[in-house]
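*Asks:*
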Amino acid sequence: MNTNAKSATSVSALDDKSVVEGHSIDFIPENERTDKLSSQGPFWFLGNFTFFTMTIGFVGPSVGLTALWTTLAGTLGIMFGTLFMAFHGSQGPHLGLPQMIQSRAQFGYRGVILVLLATLFVFAGFNIVNLVLMMQGLHTLFGFNPAVIAVAVTIPAAVLAILGHDWMHRSFKWALYLSLPLYGLVTLAVVMGWVPDAVLPALAEGEVAREPLGFNWTGFIAQFAAAASYNIAYAPYVSDYSRYLPKNTSSGKLIAVVFLGASLSGAWMISVGGWLADHLHSTDVLVALGQVGNTVSPLMGTAVVVITILAFLPVIAMNIYSAKLTTLTCVDSIKHIEPTRKARILAIAFVILLQLGVALSIQSTGKGLSVLGIYLVVMLYFLVPWTSVNLTDYFFVRKGRYAIPHFFMPHGNLYGSWGLRGIAAYAIGFISMIPFFYIYDGVEQREVYVGPLAKALGSIDIAWLVGLIVSGLAYYWLSRSIDLKREETVIQQIEKNSPQYTTGDTLTHKQQPQPVFTESTVGRSS
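Here it is, written out as structure tokens:
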């Protein structure tokens, strides 16, 4: 059996002296893994340290929660979601692969397309909502043309995505230097009481006043789910960046670092967002930040908004980058492609045209916050079965043992073209969630969809919890028929001939010194 992987060296070598990243959906050899564990905490801290995370805190007040209850529900939700994100991140160093390539083990070489479409919806969807919020906020504050805003923000982010991994890490550091003093000042202004509460807007004719904010279980669960989904949505991203860490990186330490970085900033920003929505009665986070800045000093509001947008560009780039990897994986699952620079740029062009077109269409409706709330819930529904299947396979079924070259073999690979176990478990989990779906538009105060069991539970959304449990159990039960002994025999043969592909517990499976990654050890398979 041919166990050679797709060539990464031939592509990488072309870019060795270039500022553009030489890898995309291929394996990262050990001698090119130059990242440090200490870089992961700040990287994922920055991923959540944005105005967009503040908008997650707007969900609570829109469904009846005070800022305090919003902070509690949001913090618990963000911590819950970050657990899944962090466990996915631990796969990167040990496999050296993008997350969705590894999903071929559960869903098959071609079957993974089904979950790729769901994750592409997440990556592109994040940027679509981001662009809508920026277009609405900057148009309200400064009267800027929404289309010009969208293009002006997207172009530099696309350039960062083309330059790739190393430049994105640098840009996140620069963004931290910009945003930390800014959001520190905003938080100080809120805590010190420098920002007076806004007067409630006058009611339009026939409009009924809302109930005073307080506590309700439906709202608490909605805020918890919104925060959890926000960080669960990072699950398909994390190993795209952690794969540049050395293979012997401690899984426990990596999980802890990612968890602390992403959950701390997430909880911080959600609490600020909850206060802005509760006390300023705003539905636009950029407008609210401008108000806070102007209470500190004249023109400070403008500076706050401008720096907020600049510091957010790396996050948009990260979404484009991961959407590019997903697009290339999807195409490669149908017809083999070489991940050349041209292919990467074409994939990025497709992604930005998609997000610009949809964002401009949504912006014209003027319902950005409504779209955000609905999107976060639907996104969680799509991702939950996948994350449950993937983590069950990695930690409980195959326990980190994979035949890496077989991820790149269209024919004759261990995992097949269609992974019926993974597809069935995903479908079973998703279908089991539908009766529990609760999709609510907090801005317009209307129920978009309520499943029969959600209605019976008093409109409390536990669909995501049902999906996590059912998908994981279904996959674990279906995977009993996997011939793990046969897989292990193939894996050991691969590791004997090519030790750089060693996976799993390095204490159990001792590795030989890592060889230089050359064409003699890696070649395209057919």
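Quick note on numbering: the UniProt record's numbering labels position 431 of the sequence shown as 431, and the sequence is numbered without any gaps.
Here a beta-carbon is modelled for each residue, glycine too, at the ideal position from N, C-alpha and C.
Keep in mind the model is a prediction, meaning the values are calculated, not measured.
Name the two residues that bound the continuous alpha helix (DSSP H) containing Tyr-440.
*Replies:* No alpha helix (DSSP H) contains Tyr-440, which is instead part of the beta strand (DSSP E) from 438-441.
*Asks:* So if DSSP puts Glu-211 in a beta bridge, which residue, or which two residues, is it bridged to?
*Replies:* Partner(s): none; Glu-211 has no beta bridge.
*Asks:* Kindly list the residues whose CB is nearer than 6 Å to the CB of Ile-113, restricted to its own chain and excluding five residues on each side of it in sequence; keep chain order.
*Replies:* Cys-330, Ser-333
*Asks:* Would you mind working out which of Ile-270, Val-257, Thr-140 sits nearest Thr-187, comparing C-alpha positions?
*Replies:* Ile-270
*Asks:* How would you label Glu-495, buried or exposed, when you count the other beta carbons within 10 angstroms and need 16 or more for buried?
*Replies:* buried
*Asks:* Below 8 Å, can you find three or more Cβ-Cβ pairs linking the region 241-250 to the region 94-104?
*Replies:* yes
*Asks:* Applying the 10 Å Cβ sphere with the 16-neighbour rule, what's the burial state of His-165?
*Replies:* buried
*Asks:* In this structure, does DSSP put Glu-338 in helix, strand or coil?
*Replies:* coil
*Asks:* Just how far apart, CA to CA, sit Tyr-109 and Arg-33?
*Replies:* 26 Å
*Asks:* On the CB-based measure, 16 or more other CB atoms within 10 Å of its CB, does Asp-197 come out buried or exposed?
*Replies:* By the neighbour-count rule (16 or more Cβ atoms within 10 Å), Asp-197 is not buried but exposed.
*Asks:* Rounding to the nearest angstrom, what Cα-Cα distance links Gln-40 and Gly-261 in this structure?
*Replies:* Gln-40 and Gly-261 have their C-alpha atoms spaced approximately 8 Å apart.
*Asks:* Rounded to whole angstroms, what's the CA-CA distance from Val-59 to Gly-274? Just pull it up for me.
*Replies:* 8 Å
*Asks:* I'd like the ranges of any alpha helix (DSSP H) spanning at least 4 consecutive residues and lying wholly in the region 17-57.
*Replies:* 37-48, 51-56
*Asks:* Okay, do the region 415-426 and the region 475-486 touch, 3+ Cβ pairs below 8 Å being the bar?
*Replies:* yes
*Asks:* Could you name the residues of the same chain whose beta carbon sits closer than 6 Å to that of residue 529, not counting the 5 residues immediately before and after it, in chain order?
*Replies:* Any property of residue 529 remains undetermined from this structure, which presents the chain solely from 1 to 526.
*Asks:* Run through DSSP, which three-state label would Tyr-381 get?
*Replies:* helix
*Asks:* Measure the Cβ-Cβ separation of Asp-284 and Leu-213 and say whether it is below 8 Å.
*Replies:* no
*Asks:* Can you give me the Cβ contacts of Tyr-321 inside the same chain, cut-off strictly under 6 Å, excluding the 5 residues immediately before and after it?
*Replies:* Hits under 6 Å: Ala-161.
*Asks:* By Cβ distance, which residues of its chain are closer than 6 Å to Ser-265, with the 5 residues on each side in sequence left out?
*Replies:* Phe-45, Asn-48, Phe-49
*Asks:* Can you tell which of Leu-116, Gly-77, Ala-222, Pro-499 has the C-alpha that lies nearest to the C-alpha of Pro-405?
*Replies:* Of all alpha-carbon atoms in Leu-116, Gly-77, Ala-222, Pro-499, the one lying nearest the alpha-carbon of Pro-405 is that of Pro-499.
*Asks:* Could you pull the start and end residues of the alpha helix (DSSP H) that Tyr-177 belongs to?
*Replies:* Counting along the chain, the alpha helix (DSSP H) containing Tyr-177 begins and ends at 165-191.
*Asks:* Run the CB neighbour count on Leu-299, radius 10 Å, all protein chains shown included, and call it buried at 16 or more, exposed below.
*Replies:* exposed
*Asks:* Comparing alpha-carbon positions, which option in Leu-457, Gly-458, Asp-393 lies nearest Gly-472?
*Replies:* If we check each option's Cα against that of Gly-472, Asp-393 comes out closest.
*Asks:* What residues in its chain sit with their C-beta under 7 Å from that of Trp-418, if we drop five residues either side in the sequence?
*Replies:* Gly-108, Arg-110, Gly-111
*Asks:* Is any beta-carbon of chain B found at less than 8 Å from that of Trp-464?
*Replies:* No chain B appears in this structure, which consists of one protein chain only.
*Asks:* When we look at the beta-carbon of Leu-14 and count the other beta-carbons within 10 Å, is it buried (16 or more) or exposed?
*Replies:* Confidence at Leu-14 is low in this model, with a pLDDT of 39, below 50, so the placement of that residue should be treated as unreliable; the coordinate-derived value is given next. It is exposed - the Cβ of Leu-14 has fewer than 16 other Cβ atoms within 10 Å.
*Asks:* Roughly how many angstroms lie between the CA atoms of Leu-141 and Leu-286, to the nearest whole one?
*Replies:* 8 Å
*Asks:* Ile-25 to Ile-101, Cα distance in whole Å?
*Replies:* About 7 Å.
*Asks:* Quick one: what's Val-450 bridged to in DSSP?
*Replies:* Tyr-438
*Asks:* Beta-carbon within less than 7 Å of Asn-413's beta-carbon, same chain only, minus the 5 sequence neighbours each way: which residues are those?
*Replies:* Counting only Cβ-Cβ distances below 7 Å, and skipping sequence neighbours, we find Tyr-109, His-406.
*Asks:* Within 10 angstroms of the Cβ of Val-148, are there 16 or more other Cβ atoms? Answer buried if so, exposed if not.
*Replies:* exposed
*Asks:* Can you tell me the Cα-Cα spacing of Val-129 and Ser-90, whole angstroms?
*Replies:* 28 Å
*Asks:* Assess, as a yes-or-no matter, whether the region 216-227 is touched by the region 67-74 under the definition of 3 or more beta carbon pairs within less than 8 Å.
*Replies:* yes
*Asks:* Could you pull the DSSP bridge partners for Leu-478 from this structure?
*Replies:* Leu-478 is not bridged to any residue.
*Asks:* Confirm, please, whether the CB-CB distance from Phe-437 to Ala-403 is below 8 Å.
*Replies:* no
*Asks:* Should Met-54 and Val-272 be called a contact, given that it needs their Cβ atoms to be closer than 8 Å?
*Replies:* yes
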